[in-house]
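Worksheet for the structure shown next.
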Amino acid sequence: MSKIKKAIFPVAGFGTRFLPATKAQPKEMLPIVDKPVIQYLVEEAVESGIKDIVMVTGRGKRAIEDHFDTSFELEHTLVEKDKLDLLDEIKHLPDMANFVYVRQPKPLGDGHAILCAENAIGNNPCAILFGDDIVDHEQPAIKQLIEIYDKTECSVIGLQEVDPKETSSYGIIKGKEIEPGLYEVEDLVEKPKPEDAPSNLAIIGKYVITPEVFPAIKNAKSSVGGELRLIDGFKNLLSSQKIYAKILDGNRFDTGNKFGLVSATIHYAMKNPKIAPELKEFMKKFN
């Protein structure tokens with residue numbers, strides 16, 4: 125049995141790249157076909173054996189809590205209208221996991237968001253799933269990292285190979301490949317220029333961390349604006365613990381940008397037998 129039963133979801137960001145759509149709703153609640161982005165991530169965690177989910181939210185994120193709560197009025201209406209298939213789609217949501225919600229009072233970086241969840245996690249290893257990255261694969265992405273943790277009991281970072289021209293948009297690792305797709309991390313660099321990047325191995329928003337990451341973040345130097353960064357916590361941790369990183373199997377979508385969200389929507393719509401035939405006919409117009 126894996127020790128990884130808890131997960132942190134940092135979901136306090138403003139979603140400014142989707143304004144005005146995100147002026148009054150969280151970006152994590154934007155739909156992909158018929159489910160919000162955040163539900164895909166919760167399902168990934170649950171399918172990986174996660175029991176407790178700590179959502180680090182901010183002002184204006186109430187819709188996330190409501191989505192994973194019971195809606196008596198809606199359930200009653202669906203029963204009255206004999207829409208039992210739709211009732212099944214929503215009734216299980218509150219029981220998917222044990223949900224805990226904590227606030228990040230100020231936008232002080234992804235490391236600070238993770239520290240907000242420390243008391244709820246306790247002295248336990250845990251997973252981290254950021255609200256933008258969806259990976260479609262028969263084995264959930266976070267489960268792929270959990271399997272590495274179970275063998276090593278070290279922190280594990282999710283990776284994707286990117287075009288070298290795109291390294292300035294990601295944290296990049298320098299690592300020693302110990303088996304195909306698996307690296308022992310030697311260094312981490314935040315958004316390097318292509319000419320300064322140690323590799324094209326980009327960090328995406330999925331991790332498994334040991335409890336020692338929390339003090340490592342606290343001891344990290346703040347970035348410009350007083351932000352605490354997770355990557356700086358990992359750099360501190362390297363002096364005392366090994367860190368591994370794995371290229372994730374599957375199709376990855378960055379739903380934090382417009383193209384990524386549209387791509388994910390088309391991808392999952394094409395897998396949906398109810399709408400895929402009609403969508404295929406529609407897409408022929410653009411050939």
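Numbering (my numbering), first residue to last: 125 to 411. Built from N, CA and C at the ideal position, the CB exists for glycine as well. Quantities reported herein were computed from a predicted structural model and do not represent experimental measurements.
- Item | At least three beta-carbon pairs within less than 8 Å, the segment 142-156 to the segment 220-229 | no
- Which of the three DSSP states, helix, strand or coil, is assigned to Asn396? coil
- Neighbour-count burial assignment, Ala221, 16 or more Cβ in a 10 Å radius: buried
- Task: Please report the Cβ distance between Leu312 and Phe358, rounded to the nearest whole angstrom; I am assuming they are in contact, meaning their Cβ atoms lie under 8 Å.
- Result: 6 Å
- Where Ser364 sits in the DSSP three-state scheme: In the three-state scheme derived from DSSP, where H, G and I count as helix and E and B as strand, Ser364 is classed as coil.
- Query: Can you tell me whether Phe338 is buried or exposed, with buried defined as 16 or more other CB within 10 angstroms of its CB?
  - Reply: Within 10 angstroms of the beta-carbon of Phe338 lie 16 or more other beta-carbons, which makes it buried.
- If we call anything under 9 Å between Cβ atoms a contact, is Pro249 one with Ile333? With contacts defined by Cβ atoms closer than 9 Å, Pro249 and Ile333 form a contacting pair.
- Item | Ala251 - partner residues in DSSP beta bridges | Ala131 and Val332
- On the premise that Ala169 lies in contact with Ala251, defined as a C-beta separation below 8 Å, what is that separation, rounded to the nearest angstrom? 7 Å
- Query: Do Ile188 and Thr389 have their CB atoms nearer than 9 Å?
  - Reply: no
- Beta carbon of Ile367, beta carbon of Val309: below 9 Å? yes
- Backbone secondary structure at Ser292 - three-state DSSP: helix
- Message: What does the alpha-carbon distance come out to for the pair Val203 and Leu217?
- Response: 17 Å
- Query: Can you tell me where the beta strand (DSSP E) with Gln268 in it begins and where it stops?
  - Reply: Segment Ala265 to Thr276 is the alpha helix (DSSP H) holding Gln268; no beta strand (DSSP E) there.
- So what does DSSP say about Ser126, is it helix, strand or coil? Reduced to three states, the DSSP call for Ser126 is coil.
- Query: What's the C-alpha gap between Asn396 and Met407?
  - Reply: 15 Å
- Query: So, do the segment 367-379 and the segment 251-262 have three or more beta carbon pairs nearer to each other than 8 Å?
  - Reply: yes
- Query: For the putative contact between Lys129 and Ile177, defined by C-beta atoms under 8 Å, what is the C-beta separation to the nearest angstrom?
  - Reply: Contact flag wrong, Cβ pair sits at about 10 Å.
- Message: At the level of alpha carbons, what is the spacing between Ile302 and Ile328?
- Response: Their Cα atoms are separated by approximately 20 Å.
- Task: Please go through the same chain and pick out, in chain order, the residues whose beta-carbon is closer than 6 Å to the beta-carbon of Asn360, but skip the five residues on each side of it.
- Result: Ala340, Asn343 and Ala344
- Query: Should Met179 be labelled buried (16 or more other beta-carbon atoms within 10 Å of its own) or exposed?
  - Reply: buried
- Query: How would you call Gly246, buried or exposed, if buried means at least 16 neighbouring beta carbons within 10 angstroms?
  - Reply: exposed
- Item | Rounded separation between His86 and Gly255 - CA only | Because the chain is modelled from 125 through 411, residue 86 falls outside the range shown and cannot be assessed.
- Presumed contact (8 Å Cβ cut-off) between Lys370 and Leu269, rounded CB distance: Contact holds; Cβ gap of about 6 Å.
- Unbroken beta strand (DSSP E) run spanning Gly282, endpoints: Counting along the chain, the beta strand (DSSP E) containing Gly282 begins and ends at Ser279 to Glu285.
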